[in-house]
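Quick notes on the structure that follows.
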Amino acid sequence: MNSSSICVSTLLGHFRAYRQNPVWIAVCSYLLVAIIRKRLNLPLNLYTVVQILSVSLFEKVPMNQMFSLDKLAPKPKRSP
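Residues 3 to 82 (my numbering) make up the sequence shown, in order.
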């Protein structure tokens, strides 16, 4: 081993663990969103739940208010 490969392995860790970390993060994120959807009995698909969570990540709003369907439904347009 030369010094550059030692620095890279020290920085990134073992290559196998380096590849598996993003996979485990994605699986855990998917499971958390699925649990939220199931506990709140949301009729929305997982993609929509993730989009709402990403937009309102730092808001201090309870989950049941965040996903209330009257807020999510588009407002009817008024005719002039």
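We treat Cβ as the ideally placed atom computed from N, Cα and C, and that holds for glycine.
**Message:** Using 8 Å for Cβ pairs, my map puts L42 next to F69. What's the rounded Cβ distance?
**Reply:** Position 40 of the sequence shown, counted from the start, is the residue given in the question as residue 42. Position 67 of the sequence shown, counted from the start, is the residue given in the question as residue 69. Contact flag correct, Cβ pair sits at about 6 Å.
**Terminal residues of the alpha helix (DSSP H) in which L44 lies** = For this step, residue 44 is matched to residue 42 along the sequence shown. First-last for L44: undefined, no H or E at that position.
**Message:** Determine whether the beta carbon atoms of V35 and V51 lie at a separation below 8 Å.
**Reply:** Along the sequence shown, one-based indexing puts residue 35 at 33. Along the sequence shown, one-based indexing puts residue 51 at 49. Their beta carbons are under 8 Å apart, which means V35 touches V51 by this criterion.
**Asked** Under 8 Å, do M65 and I37 count as touching if we go by C-beta distance?
**Response** For the purposes of this step, residue 65 is identified with residue 63 of the sequence shown, where counting begins at 1. For the purposes of this step, residue 37 is identified with residue 35 of the sequence shown, where counting begins at 1. Taking 8 Å as the Cβ cut-off, M65 and I37 do not qualify as a contacting pair.
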